[in-house]
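Take a look at the structure below.
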Amino acid sequence: MGFDMHRTLKKIAAFATLSAPAYLMIAVGLVISQWPAPIAPGETLNFTSLTDHGDQQNVAGELIAYRARDGADLPLRHFPAAAPTAPMAVILHGSGWHGAAYVPVAVYLSQHCGLEVLLPDLRGHGAAPDRRGDVGYIGAFEDDLADLIAAYRRPEQSVSMIGHSSGGGLVVRFAGGDHGSLLSKAVLLSPFLKYDAPTMRDDAGGWSHVLVRRIIGLTMLNKVGLRWLNELTVIQFRFPQDVLDGPQGTTATTSYSYRLNASFAPRDDYLADIAELPRFLLIAGADDEAFDATMFEPVMSAVTENGAYVILPEIGHLDIIEDQNAAMRTCEFLRN
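Last residue of the sequence shown: number 1027 in the working numbering, and the count goes up by one each step with no gaps.
Set out below in structure tokens:
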């Protein structure tokens, strides 16, 4: 997650001047010139806040399912509210993981904030997805979330989304897409905006390894409507070995296809998606290893006045998931 998108797009534009056979030859050549390989160990995100819970997160929050438009039954944790008129909040997990890590905040928002909370494992993630790390087409997540909301939303019930990391990027994408009118509020926890956004640190703090040439080639093919290679892997994640060897190691999703990776992020014009956000609260940690928390407000406030921004001291990228201060601020914002 650390290459120059502007330079990439310029390359693609230059390729467009070539003849069709030459264009396709270069695109396919770029795709096949780079293949996934084992990632060397190195510094990555601090997973302590996730692994401290061990097996407890596997059983917390009963997994049920909802039916998506393609007939797939997708996993979900549902936390009802006591009041029948309670607003709905949908929590979206970050890259490589699943909803189990977010059970404590879901319980808090349900029991202490009075919200009805939906916590899905996004398609391609979780304990036993049909196709781990892949979806059927670019935009599948947005359609799945629209189907989830339709399955549970009561008439006149307001809907908010809470997204962490790539889940925050998905909230931004959802707001700028066909279903954006469903949202009344959003909470973004250290959201991923785009590869070339000023908020990015190199390789997301060591978390991700991007197959740059392959992404360029597949983007070229998609520009001319050729999508038959979109299931190929384009990004890998550097999980700590103790996580992969631990009780939840088999639930980790260590790589993404081109179409899933694209579905999980705002569109190329990410500022246009940001501009479509409803009222939102952005919370980031001052010690975030993946993103520069100080850059969120200048980047986003340039295109929207709908946001409020909070930087929490001594909080890292994954710590924010269970930070009590972040949960309290989220509750206050959604209930205000």
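Glycine included, each C-beta is placed from N, C-alpha and C at the ideal position.
Just so we're clear, the structure is a prediction, and the values are computed from it rather than from any experiment.
Inter-residue spacing [alpha-carbon to alpha-carbon] between residue i and residue j
i	j	result
P938	M991	39 Å
G867	E967	5 Å
L962	Y799	32 Å
V994	A731	39 Å
E1023	G805	11 Å
R905	D983	27 Å
A711	G817	41 Å
P1004	P882	17 Å
P1057	L709	The first residue shown for the chain is 692 and the last is 1027, placing residue 1057 beyond what the model contains.
A943	A819	10 Å
E826	A842	Rather than Glu, the amino acid found at residue 826 in this sequence is Val. Whole-angstrom Cα-Cα distance: 21 Å.
A1048	G762	Outside the shown range of the chain (692 to 1027) lies residue 1048, about which nothing can therefore be said.
A777	Q802	12 Å
G896	L836	29 Å
Q848	M986	34 Å
G720	N913	15 Å
E1013	N921	35 Å
G752	D960	37 Å
I840	S946	27 Å
F865	F971	13 Å
D894	S724	21 Å
W919	D838	26 Å
I1006	L873	31 Å
V915	T1021	42 Å
D764	Y886	31 Å
V901	P969	31 Å
T941	H1008	22 Å
P795	E996	31 Å
L736	F928	10 Å
V781	L809	5 Å
Member of the options whose CA lies at the smallest distance from the CA of residue i
i	options	result
H789	S881, R823, G762	R823
A759	G752, E753, L767	L767
I926	S849, R1026, F865, A953	A953
S899	G787, D979, L754, L783	G787
A728	A777, N1027, T776, T924	T924
E988	N1027, V850, G998, E980	G998
H769	E807, G785, P775, F738	E807
D1010	D869, E980, L813	E980
I828	S948, I840, E847, G1007	According to the sequence shown, residue 828 is Tyr rather than Ile. Selected option, being the one with the closest Cα: S948.
T739	F930, A772, T985, T945	F930
P771	R845, D838, S724	R845
L813	L783, K885, T1021	L783
M681	Y714, Y793, A797	The chain is shown only over 692 to 1027; residue 681 falls outside these bounds and no answer can be derived.
E833	N1027, T1021, R950	R950
I965	W919, G916, L884	L884
L715	H1008, G908, N1027	G908
R1026	V850, V901, G916	V850
G815	Y793, G785, V794, L809	G785
D869	L754, A831, T1021, L809	A831
I755	G871, A791, E996	A791
I717	T910, T735, Y1000, V781	T910
V722	V1001, L917, I1002	L917
Near the ligand MG: residue i beta-carbon under 8 Å from a heavy atom
i	result
V878	Judged by which ligands are present, the structure shown has none, so any question about the ligand MG falls away.
One or two residues paired with residue i in a DSSP bridge
i	result
K914	For K914, which the question treats as bridged, DSSP gives no partner whatsoever.
D764	R758
E807	M779
F770	V808
S851	A780, K876
Any chain B beta carbon closer than 9 Å to residue i
i	result
R822	The structure shown contains no chain B; it holds only a single protein chain.
Original post:
Is the region 847-855 touching the region 869-885 in the sense that three or more CB pairs, one from each, lie closer than 8 Å?
Top reply: yes
Subject >> Contact between the region 886-894 and the region 970-986 (3+ Cβ pairs under 8 Å) >> reply: yes
Subject >> Runs of beta strand (DSSP E) lying entirely within the region 932-968, each at least 3 residues, in chain order >> reply: 946-948
Subject >> Segments of 3+ residues assigned as beta strand (DSSP E) that fall wholly inside the region 971-1021 >> reply: Under the rule that a run must span 3 or more residues, the beta strand (DSSP E) segments found entirely inside the region 971-1021 read 998-1003.
Subject >> Segment contact flag, the region 1006-1022 with the region 928-937, C-beta cutoff 8 Å, min 3 pairs >> reply: no
Original post:
Where in the region 783-843 do unbroken runs of the alpha helix (DSSP H), each at least 4 residues long, occur, reported from the N-terminal end onward?
Top reply: Correct list: 794-802, 831-843.
Original post:
In chain order, which alpha helix (DSSP H) runs of at least 4 residues are fully inside the region 853-930?
Top reply: 857-866, 894-897, 903-914
Subject >> Cβ contact (3+ pairs, closer than 8 Å) linking the region 858-873 and the region 940-958 >> reply: yes
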